[in-house]
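These notes concern the structure reproduced below.
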Amino acid sequence: MDPDWHVMLPWLGVAGAALTAAAAAAWELRRRGRDAARALQSAESWYRAVVESSDDAIIGKDLNGTILSWNAAAQRLFGYAADEALGRPITMLFPPGTEHEETVLLHRIRSGEHISHYEAERICRDGRTVTVSLSISPIKDASGRVVGASKIARDITERRRIEAELRDSRQHLALLIDRAPVALALFDRSARCLLTSRRWSEEYGVADGDRNELSKLLPHAELDWSDVQRRALAGETMQGDALPVSRAAGGRGWLRWAVRPWRDDDGNIGGLVAFTEDVSGLIEAQREIERLNADLQRRVDEGSVALSGANDELDAFTYAVAHEMRAPLRAMSGFSQALIDDHATGLDGEARVYLEQIDAGARRMAALVDGILALARSARSTPQRVDVDLAALARKLLLEFERRDRARPVDWQVDDMLPAHADPRLAEVALRLLLDNAWKFSANEAQPRIRVSAVTLDGVDGCCIEDNGAGFDMRHAARLFKPFQRLHRHDEFPGVGVGLATAQRIVQRHGGRIDIDASPGAGCRVRFTLPRA
1 MDPDWHVMLP
11 WLGVAGAALT
21 AAAAAAWELR
31 RRGRDAARAL
41 QSAESWYRAV
51 VESSDDAIIG
61 KDLNGTILSW
71 NAAAQRLFGY
81 AADEALGRPI
91 TMLFPPGTEH
101 EETVLLHRIR
111 SGEHISHYEA
121 ERICRDGRTV
131 TVSLSISPIK
141 DASGRVVGAS
151 KIARDITERR
161 RIEAELRDSR
171 QHLALLIDRA
181 PVALALFDRS
191 ARCLLTSRRW
201 SEEYGVADGD
211 RNELSKLLPH
221 AELDWSDVQR
231 RALAGETMQG
241 DALPVSRAAG
251 GRGWLRWAVR
261 PWRDDDGNIG
271 GLVAFTEDVS
281 GLIEAQREIE
291 RLNADLQRRV
301 DEGSVALSGA
311 NDELDAFTYA
321 VAHEMRAPLR
331 AMSGFSQALI
341 DDHATGLDGE
351 ARVYLEQIDA
361 GARRMAALVD
371 GILALARSAR
381 STPQRVDVDL
391 AALARKLLLE
401 FERRDRARPV
411 DWQVDDMLPA
421 HADPRLAEVA
431 LRLLLDNAWK
441 FSANEAQPRI
451 RVSAVTLDGV
461 DGCCIEDNGA
471 GFDMRHAARL
481 FKPFQRLHRH
491 DEFPGVGVGL
501 ATAQRIVQRH
511 GGRIDIDASP
521 GAGCRVRFTL
531 PRA
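Numbered by UniProt numbering, the letters in the sequence shown go through residues 1 to 533 in order.
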């Protein structure tokens, strides 16, 4: 062996190790490069998949506004295929006359600005106009220089249409509430006033956003408002027709009122709606009519020579009240129903509740006016007696009720002959009122029944009307023959409380007798006679 190898061998070992290490390092670098390339390729594939699967249109463009990329959602939104859009100016989507917007947008992008929630109109391939919300971000190269822009477009056309309809609906509702003839307010659970009609604000000095309990708004009303508020928030509907109130300027007045809960979209009670209406004029008119009737009767009993003049005066007053009240009541009911019929799709649930409440109030007021007129006429009319078959009248009326309520079967029977000697017009009025009560108060029965038969009272032939309806406690029977007295809530059975009182007066004008017998849940029986004079 060459002596020099003794010196070289250690160095060759070191060099070999170094070469091996260098080779390993080179191999590792090549491996990492391949891994990086694969990672880059995978990332690019992932990015393309994300872009293509996006529900939003994603468009790439250069700083001249030329389209460089166009995903599937862009094709679905605007109607252009990728090969139709690539290389064309983005302004092909702009409505005529708005192309200058692109210059402004590109200027902002060049400065590195990110643009979010930019709303604009765009034109589709088929000529449709869509409203889009745009988010535009600058694209930068490795040196940080802006070289283009990425634009994300979302179609918000339907959302904007719904928002516009909602605005219109709210405007219509606000207009209706503002012009409502009743005072109306919407409260949340904490007694914060959310919405008021103009009349409510004027009468109670409360505006939207104020916090006030009902008891503080109406301190002079003779009612426990805190209990009403508590029960309404628990789900009850509370109401009354003639609530006495003390006027700030002195004297007394009357309110018709209702407080009911309102519910949110989840069905939870969100607060309450309150309605009040000053019915002092109506109550005073009713009392005036009653006073005039009583005075008239007294003067008749005393043989007053002024009877004819008093009748004319009372007629004029009654008809004046009816005429002045009927026209606005018809307008309230008609316009409310027109809004429900013509704008049903644009009204939300609360709006329909308000409209139905206004319409129901107008109808009840109109019924009350009609009841007052019927009561007044029954007290003054002089019967023109002829032979009348009450059985034929009853069958005619029950057939009329059947045609009116076709969806509600009622088992009714009428005796063959029920002769009477009475004024046919007044007899029909009395019979209509009594049969209507039987029809109405048996509405909740699974198999409602009504019987009209002959009866004898004190030796006088008469008529008996029986039903299997709601009935009532006989301890309160005397109240039913007084005008405007009721034993059931309006939401159970509608009415104004003048039917029995009017029928009684007609029977009494004929010199007859009327009585009533009932029990809760077991129906009612009314008997009356119309004897010969």
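Even glycine gets a Cβ: it sits at the ideal position worked out from N, Cα and C.
If you're wondering where the values come from, they're calculated on a predicted model, not measured in any experiment.
Using 8 angstroms for Cβ pairs, my map puts residue i next to residue j. What's the rounded Cβ distance?
i: Gly499; j: Leu433; result: 4 angstroms
i: Ala422; j: Leu530; result: 4 angstroms
i: Lys151; j: Lys61; result: 7 angstroms
i: Leu184; j: Leu194; result: Leu184 to Leu194, Cβ: 11 angstroms. No contact.
i: Glu99; j: Thr91; result: 5 angstroms
i: Ile115; j: Ser135; result: 7 angstroms
i: Val386; j: Ile450; result: Not quite, the Cβ-Cβ distance comes to about 26 angstroms (not below 8 angstroms), so this is no contact.
i: Asp178; j: Ser197; result: 6 angstroms
i: Thr131; j: Arg88; result: In fact, because the Cβ distance is near 22 angstroms, the residues do not count as touching under 8 angstroms.
i: Arg125; j: Gly65; result: Rounded, the Cβ-Cβ distance is 18 angstroms, inconsistent with contact.
Just verifying my parser: in three-state terms, what is the DSSP assignment at residue i?
i: Arg238; result: It should be pointed out that residue 238 corresponds to Met in this sequence rather than to Arg. Looking at Met238 - three-state DSSP - the assignment turns out to be strand.
i: His107; result: helix
i: Gly97; result: coil
i: Gly521; result: coil
i: Ala191; result: coil
i: Glu445; result: coil
i: Arg287; result: helix
i: Glu113; result: coil
i: Glu302; result: coil
i: Asp473; result: coil
i: Phe528; result: strand
i: Arg432; result: helix
i: Asp467; result: strand
Where does residue i land, buried or exposed, given buried means 16+ other C-beta within 10 angstroms?
i: Ile162; result: exposed
i: Val279; result: buried
i: Thr20; result: Its pLDDT being 44, under 50, Thr20 is placed unreliably in this model, and the coordinates cannot settle the point.
i: Thr129; result: exposed
i: Asn71; result: buried
i: His117; result: exposed
i: Leu255; result: buried
i: His476; result: exposed
i: Leu418; result: buried
i: Thr103; result: exposed
i: Leu77; result: buried
i: Ala74; result: buried
i: Glu400; result: exposed
i: Glu44; result: In this predicted model, Glu44 has a pLDDT of only 48, less than 50, meaning its place in the structure is not dependable; the value taken from the coordinates is given anyway. Exposed, because fewer than 16 other Cβ atoms sit within 10 Å of the Cβ of Glu44.
i: Thr502; result: buried
Could you give the first and the last residue of the continuous alpha helix (DSSP H) run that contains residue i?
i: Tyr204; result: 198-204
i: Val228; result: 225-233
i: Ala478; result: 477-480
i: residue 545; result: As displayed, the chain neither begins before 1 nor continues past 533, which places residue 545 out of reach and without an answer.
i: Gly512; result: Looking at the DSSP string, Gly512 is not in any alpha helix (DSSP H), and its letter there is neither H nor E.
What first and last residue would you give for the beta strand (DSSP E) that runs through residue i?
i: Gly459; result: Premise fails: Gly459 is in no beta strand (DSSP E) and is neither H nor E.
i: Leu255; result: 252-263
i: Val273; result: 269-278
Please specify which runs of the alpha helix (DSSP H), each continuous and at least 4 residues long, are wholly inside the stretch 380-429, giving them in chain order. Annotation: the stretch 380-429 contains the following complete segments of the alpha helix (DSSP H) (minimum length 4 residues), in chain order: 390-404.
Give, in chain order, every unbroken run of the alpha helix (DSSP H) that is at least 4 residues long and sits entirely within the stretch 45-92. Entirely contained in the stretch 45-92, the alpha helix (DSSP H) runs reaching 4 residues are, in chain order, 72-78, 82-85.
Suppose only complete runs of 4+ residues qualify. What are the alpha helix (DSSP H) ranges in the UniProt domain "PAC" (116-168), listed by chain order? Counting whole runs of 4 or more residues, the UniProt domain "PAC" (116-168) contains no alpha helix (DSSP H) stretch at all.
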